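Presented below is the structure to which this report refers.
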Amino acid sequence: MLRNAHTIVDLSVLISADMLIYPGDPNPLIEPLSTIKEGGANTTRIILGAHTGTHVDVPYHLLARGKTVDELPLETFCGSAVTYDLTHKVLGSRVSPDDLKKAIPLKNGEIALFYTGSNVPATSGSTSRPYTSLDITMADWLIEKHAKAVGIDSMSVDLLHSPKNEVHKKLLKNGIVIFENLSDNLRLLTGQRVLFFGAPLRLKRADASPIRAFALI
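Each residue of the sequence shown is one higher than the one before, starting from 0 at the first, in numbering that gives the first Met the number 0.
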């Protein structure tokens, strides 16, 4: 039992061989290596891209000299977080600071989470559907607020197929790691300040990692 009776909210999408993936990423491979009947134990081979499902991008993703997953302390990937409800935005549009004027203020060193409705199960299943992303002015706002990290329920903080990845680059240059493809359960946190956790696997020289994201409320 958790102290102070916290409720755990799972913010990760399910990883499966037929899951939706970012265009160009490899499909996950999850296959049995042995079974209890034939080998005495159930064992599984898992092959994933670093950006599979709910994941975190770190500076090395787009910066040649940026820090890798294993070079960042665990504190980078967890902490107090505020979740902003952006479902008033048309899917496929871009979020700017003006969209947050009536929201809870973000404190220095907190994590900003954006719920856009992009991962609603009824509309999931195709990368051709519209995803809400962040405007470059939103990246400037997060830097000005000294955000520790940012998370979103879209597949990317940038427009899909963006050749410049300008939002990614600006955030990562300023040490702000990026949580992407958070689950639709993020809707349960809107308008609240919670404890967020999105720790990556301890992968050597990795630019990203799948995570099991969750929040305590």
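All C-beta atoms in this analysis are idealised placements derived from N, C-alpha and C, irrespective of residue type, glycine included. It should be emphasised that the depicted structure is a prediction, and the values quoted were computed from it without experimental measurement.
Opening and closing residue of the alpha helix (DSSP H) in which Glu143 lies = Annotation: the continuous alpha helix (DSSP H) that includes Glu143 extends over 135-143.
query = What does Tyr21 pair with, by DSSP beta-bridge criteria?
reply = Within the DSSP bridge table, the entry for Tyr21 names no partner.
request  = Hey, could you find the ends of the alpha helix (DSSP H) Ile35 is sitting in?
outcome  = Counting along the chain, the alpha helix (DSSP H) containing Ile35 begins and ends at 35-38.
query = If Pro31 and Thr43 are in contact, beta carbons under 8 Å, what's the gap, nearest whole angstrom?
reply = Contact flag correct, Cβ pair sits at about 6 Å.
task = Could you name the residues that DSSP lists as bridge partners for Ser79?
result = In DSSP, Ser79 forms a bridge with Leu194.
task = Let me know the secondary structure DSSP gives Arg93 once reduced to three states.
result = In this structure, Arg93 counts as strand in the three-state DSSP scheme.
message = Is the beta carbon of Asn180 closer than 7 Å to that of Thr53?
response = In this structure, Asn180 lies closer than 7 Å to Thr53 by Cβ.
message = Can you list, in chain order, the residues of its chain with a C-beta nearer than 6 Å to that of Leu194? Leave out the 5 residues immediately preceding and following it.
response = These residues qualify, in order along the chain: Leu215.
inquiry  = Run through the DSSP bridge pairs and tell me what Leu112 is partnered with.
reply    = According to DSSP, which records beta bridges pairwise, Leu112 is partnered with Thr82, Gly150.
request  = Express the C-alpha separation of Pro129 and Arg201 in angstroms, rounding to a whole number.
outcome  = Distance between the alpha carbons of Arg201 and Pro129: 33 Å.
query = In angstroms, rounded to a whole number, what distance separates the CA positions of Leu99 and Tyr83?
reply = Cα to Cα, the separation comes out at about 7 Å.
ask   = Rounded to whole angstroms, how far is the Cβ of Leu85 from the Cβ of Thr131, which I believe are closer than 8 Å?
value = Taking 8 Å as the upper bound for CB-CB distance, Leu85 and Thr131 are in contact here, some 6 Å apart.
Burial state of Thr122 (16 or more Cβ within 10 Å) = For Thr122, the predicted structure reports a pLDDT of 48, less than 50, and the residue's modelled location is therefore unreliable. A value from the coordinates is still provided. Exposure of Thr122 is indicated by the presence of fewer than 16 other C-beta atoms within 10 angstroms of its C-beta.
key: Buried/exposed call for Thr28, threshold 16 Cβ in 10 Å   = It should be noted that the sequence gives Leu, not Thr, for residue 28. Looking at its Cβ environment, which holds fewer than 16 other Cβ atoms inside 10 Å, Leu28 is exposed.
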